[in-house]
Each structure stands twice: as structure tokens, then as C-alpha cells.
Ligand code: IPM
Ligand code: MG
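In the numbering used here, the protein residues as written are 10 to 366.
In C-alpha cells:
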């Protein structure tokens, strides 16, 4: 059965990195009777420039109709002074919210070949394999009320609201426990329950859901401590589950354990495993258009798409094996390049992965 994949390259390095993932998918279309049709559309600043909004209703409808979405990155200097309601990031947040992609899986896996690329000592990160499960459609990112208001004394005040309903906590907890069951059966729930009531409830609900997964060992950790533990002893973690904003922050931190944020893939899933796939990094406007970016996070996101949404675990493994082979060959983009390795461009890296398939 033919499956439809909508590609939204976005801004900055987005077009360069998605082009390499598309190359890989097209190669699999030819060689492994993968049967996907890829179409492309605009998101972020690129969409704003054409439509005056960071995601048009037509593109939103196409995303809803597609089997899966592959997204590059959004944002850039050019659009930073726009009103917040039409900033590039809003396009991404609308996709996540309207597609109900509440479960964001961000695997921080260290390819053994990159143990030297991390700024941490190799013995701290060798063997690292963490899965961050980030709630993606709630929390302070979406809570109401929000805005900037003027107080009686004329001073302005910015405000956001950090909210989670029991049902939202429950469903993300189930995703995390189920992931833990397939891994090392260890779950760390990250909160700030010593200060924030919303995460006091989070902790309580995670413990309720835990009763359904007696084989999984659960511990709770305050987010400040979790940030510290991630660099102190990251291998203590198997699966981490947390809210939207803490997950945003901790996943960037965890990415550096894997050598580079250019390695961190992600899947954003709804309740039926339909999803959007994107690298966890941003649009890197400073290196955009120079063929320097690392496309591996996007290529590995395409692998996650094959695994979670398109039902082709075999091809997901095939891509991951190809990436590993390319790293064995000593090929590195600038962000992960160390002494003795061969530095390659974004497109050369994509070509090498295709060749290694
Ligand atoms: C991410 C990004 C986004 C987020 C931005 C671009 C809105 O940082 O996917 O981690 O904050 O979720
Ligand atoms: Mg982020």
C-alpha cells in the first residue's frame, strides 16, 4: 500500500538536511520496495514569506492527510522580530497541537564511534542509551492564559501558565512505561514537585500508572538534579519522562552526550502512532546554505518514521546500520569531526549513507 509522506524542510539548514533524508528514503523506494510518495510544502519563516503565516491551512490539511510528516527545522534571525503569533515556531507548534502529537521520543544514543566527539570524558558517555519521552502538546507551551499585560502602575508583565490535566499526564506516562518495558525497565520521571503543584500532580499520576507496570523500576527526580545527573552520571538513565518545557531543555543537554545535537533524532506521535519526525536541533541559521550541517539526526528521524509509523522496522534498522557504517569509515561532518577523521559536507554525508545502505 502506497503511503504518503509530507516533507516540510522549513528554514535555515532545514532544506539541506531534509534533502539528505529524502535521498535515503528514495533509495529505499528503489531498492527495498518501500512504497512511499514524498511531497513537499512550506513551514516556518519560509511559509511566512509566502503566505504571511508560518503554516497555511492547506499545509495543515496536507499534514493531517499524510501518513507521516518529515520536518527539518524552523526559525531564523530574519523572523525574530515578528509578532509572536506568526513566528516560525508557531507553525511547528500548530502541527504538534492539531495533529495531537503528544508523545515526543528523543533517543540520546551514543554511536560508539563518537565517544570522542562528546565534550564529556569517553568513559562517562560510552554505552550511553537514553530515551527521553517529552510531553509535547501541553504544559507551559500551551497553557492559558498567556501574554504580556500592563499593570495598573504602567509596568508590563509577561505571564504563562503551566498546566497539566490528569488525562494528559496519564497518557504520556503510559507511553513512557511501555517504552521502558521494551528497554531496561527503568523509568525516571522528572518534575519540580518541591515547588510546582502541577508537577506534584504529575508525580502522583505517574505513581498511579506505575502500578500497571510492576516490572518497571520508577524513580522521581527534580529537574535541576536531573540536569546535573545527566552530565555527572548519564548512564544511570534508561527512559526519562517529563513535561514539555523540561523535556525541551533536557533533550538539548542529553544531545551533547551523544557528541553533537546534530545526532539527535525525534519522533512525535499521536495515540495511533501517526507521527511527525524531525531532528531535535534547530535551524542553525549561522551555517545555513553552506552545506556544512550534519544530516544524520534527520536521516535517523526518517528511520524512526519507518519504525513507528510506516511499519518497516527492517528498513529502520537498515538506515541505522548504514549510519554506523559511515561512522566506521571515519566520515564526519564538522560538528562531530575529531583528529584523524575525514570531514565531509552535508550532502557527502547523505551520499555516504545511501552508498552504505
Ligand atoms: C524543539 C525546539 C522547539 C521546541 C522550538 C523550535 C519551538 O526547540 O523541538 O526542541 O521548543 O519544542
Ligand atoms: Mg528544543
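Each residue gets a CB set at the ideal place from its N, CA and C atoms; glycine is no exception. Keep in mind the model is a prediction, meaning the values are calculated, not measured.
Looking only at C-alpha atoms, which of 326, 185, 108 sits nearest to residue 281?
That would be 108, whose Cα lies nearest to the Cα of residue 281.
Considering residue 187, what are the terminal residues of the alpha helix (DSSP H) in which it resides?
Unbroken alpha helix (DSSP H) run through residue 187: 175-191.
Assess, as a yes-or-no matter, whether the region 341-357 is touched by the region 117-126 under the definition of 3 or more beta carbon pairs within less than 8 angstroms.
yes
Is there at least one non-hydrogen atom of ligand 2 closer than 7 angstroms to the beta-carbon of residue 257?
yes
Measuring alpha carbon to alpha carbon, tell me which of 155, 88, 221, 28 ends up nearest residue 179.
221
Under the three-state reduction of DSSP, which class applies to residue 113: helix, strand or coil?
strand
Just to check, is the beta-carbon of residue 271 closer than 7 angstroms to a non-hydrogen atom of ligand 1?
Relative to ligand 1, the beta carbon of residue 271 is positioned no closer than 7 angstroms to any heavy atom.
Looking at the secondary structure, which residues open and close the beta strand (DSSP E) in which residue 286 lies?
That run of the beta strand (DSSP E) goes 284-286.
Go through the region 83-143 residue by residue and report every complete run of the beta strand (DSSP E) that reaches 3 residues or more, in order.
112-118
Determine the extent of the alpha helix (DSSP H) in which residue 277 is found, giving its start and end residues.
Looking at the DSSP string, residue 277 is not in any alpha helix (DSSP H); the run it does join, the beta strand (DSSP E), is 276-278.
Does the region 67-85 come close enough to the region 286-304 to have 3 or more Cβ pairs within less than 8 angstroms?
yes
Could you tell me which of 255, 238, 254 sits nearest to residue 247, measuring between CA atoms?
238
Return the first residue and the last residue of the alpha helix (DSSP H) that residue 334 is part of.
322-337
Under the assumption that residue 358 contacts residue 309 (Cβ atoms under 8 angstroms), give the Cβ distance between them as a whole number of angstroms.
Wrong, their Cβ atoms sit about 12 angstroms apart, outside the cutoff.
Measure from the C-beta of residue 217 to each C-beta in chain D and report whether the shortest distance is under 8 angstroms.
Included in the structure is just one protein chain, with no chain D present.
Taking only runs that begin and end inside the region 16-64, name each unbroken beta strand (DSSP E) of 3 or more residues, in chain order.
45-49
Nearest by alpha-carbon distance to residue 177: which of 155, 198, 144, 52 is it?
144 is the residue among 155, 198, 144, 52 whose C-alpha sits nearest the C-alpha of residue 177.
Residue 268: buried (16+ other C-beta within 10 angstroms of its C-beta) or exposed?
buried
I want to know whether the region 60-80 touches the region 92-99 - three or more CB-CB distances under 8 angstroms.
yes
Through-space distance from residue 120 to residue 132, alpha-carbon basis:
13 angstroms
For residue 135, which option in 35, 206, 243, 155 has the closest C-alpha, if you only look at C-alpha atoms?
243
Segments of 3+ residues assigned as beta strand (DSSP E) that fall wholly inside the region 243-316:
248-251, 276-278, 284-286
Are residue 117 and residue 263 touching if we call contact CB-CB under 8 angstroms?
Yes, the pair counts as a contact, with Cβ atoms nearer than the cut-off.
Residue 149 versus residue 351: straight-line alpha-carbon distance, rounded:
43 angstroms
Beta bridge counterpart(s) of residue 200 as assigned by DSSP:
231
Count the C-beta pairs between the region 273-288 and the region 209-226 that are closer than 8 angstroms, then say yes if the count reaches three, no if not.
no
What does the alpha-carbon distance come out to for the pair residue 366 and residue 328?
6 angstroms
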